[in-house]
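Here the sequence shown stands for residues 9 to 180, numbered as in my numbering. Glycine included, each C-beta is placed from N, C-alpha and C at the ideal position. Since the structure comes first, as C-alpha cells, the remarks are kept for the end.
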Amino acid sequence: HILPKGLDHILFVLALFLLSSNIKTLILQISIFTIAHTITLFLGVFNIIKISSYIVEPIIALSIAYVGIENLFKNNLSKSRTIIVFLFGLLHGLGFAGVLNDIGVVKELFVSSLISFNIGVELGQISVIALAYLFIKLPFYKMHWYSRKVTKPISLLISIVGLYWFFERLFF
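Listed below in C-alpha cells is the structure:
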C-alpha cells in the first residue's frame, strides 16, 4: 500500500521528517504517528470504528497540507505538534483500514495479514526516512540555507499537493 497507493502517507512522513532537527524529534513524531495509525487500523479492520472513506480520505489529504503549511511557519517541533501528529495518525489508520477492507482478506489469515500489512507500512516509513536522510539531510543540513532552500520549498510542494488532493477527493 505505502509505495504504489500510499503517496499520501509518504508525503506525510516526509513532512514530519523535514521539521525534525534531530533524531529524537523524528523518532518521537514517527512513533506517535505509528501508534495512532496502528490503533485505528485494527479498530477499522475489525469494524469497531467505521467512517466512510468519503470523509476520511479528504481529511487525510488536509492533514498532509496542514503539516506542510506548519513547516513553512515553524522552525522546530512544538508540543502541540505531537498531539496533532497523533490525531492525524488516527485518520491515516482509518485510511489504511479502508484499503485493507477494500482488498479483502481471507478470514483464516486475517490476523497474520493485518500484522504483515502493518509491518510493511512501517518498513515503508523507514525506507522513506532513510532515503530522505541520505539525499536531503546528510548532504545539506549543515548549510546555512537548508531551511530556506530545502525545507520550505519541499514543505510548500507537499502543502500544495495535499490541498489538491483534498479538493480532488472532496469534489471528484
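Check, Outcome
"DSSP on lysine 145, reduced to helix/strand/coil?", "helix"
"Roughly how many angstroms separate the alpha carbons of leucine 165 and phenylalanine 20, rounded to a whole number?", "12 angstroms"
"Could you pull the start and end residues of the alpha helix (DSSP H) that asparagine 79 belongs to?", "61 to 81"
"Under 7 angstroms Cβ to Cβ from tyrosine 74, same chain only, skipping five residues before and after it: list those, please.", "none"
"Run the CB neighbour count on leucine 243, radius 10 Å, all protein chains shown included, and call it buried at 16 or more, exposed below.", "There is no way to answer for residue 243, as the model of the chain reaches only from 9 to 180."
"Among the candidates Ile43, Gly76, Leu34, Phe148, whose CA atom is the shortest distance from the CA of valine 129?", "Ile43"
"Using C-beta distances below 7 angstroms, list every residue in its chain close to isoleucine 59, excluding the 5 sequence neighbours before and after it, in chain order.", "Leu102"
"Going by CA-CA distance only, name the one from Leu27, Phe143, Lys150 that's closest to isoleucine 77.", "Leu27"
"Take phenylalanine 41 and list the residues in its own chain whose beta-carbon comes closer than 6 angstroms to its own, dropping the five residues that flank it on each side.", "Val93, Gly97"
"With DSSP as the reference, label lysine 160 as helix, strand or coil.", "helix"
"Measure the CB-CB distance between histidine 100 and isoleucine 68 and report whether it falls below 8 angstroms.", "yes"
"Can the beta-carbon of phenylalanine 104 be found less than 8 angstroms from the beta-carbon of leucine 49?", "yes"
"For serine 86, decide whether its Cβ has a neighbour in chain B, counting only Cβ atoms nearer than 8 angstroms.", "Although the question refers to chain B, the structure presented lacks it and comprises just one protein chain."
"Can you check which of these residues, Leu22, Thr90, Asn126, Leu80, is closest to isoleucine 47 by C-alpha distance?", "Asn126"
"Which whole runs of the alpha helix (DSSP H) in the region 77 to 135 are 4 residues long or more, in chain order?", "87 to 111"
"From valine 119 to phenylalanine 54, what does the alpha carbon distance come to, in whole angstroms?", "10 angstroms"
"Checking 8 angstroms against the spacing of the C-beta atoms, do threonine 33 and leucine 85 come in under that value?", "yes"
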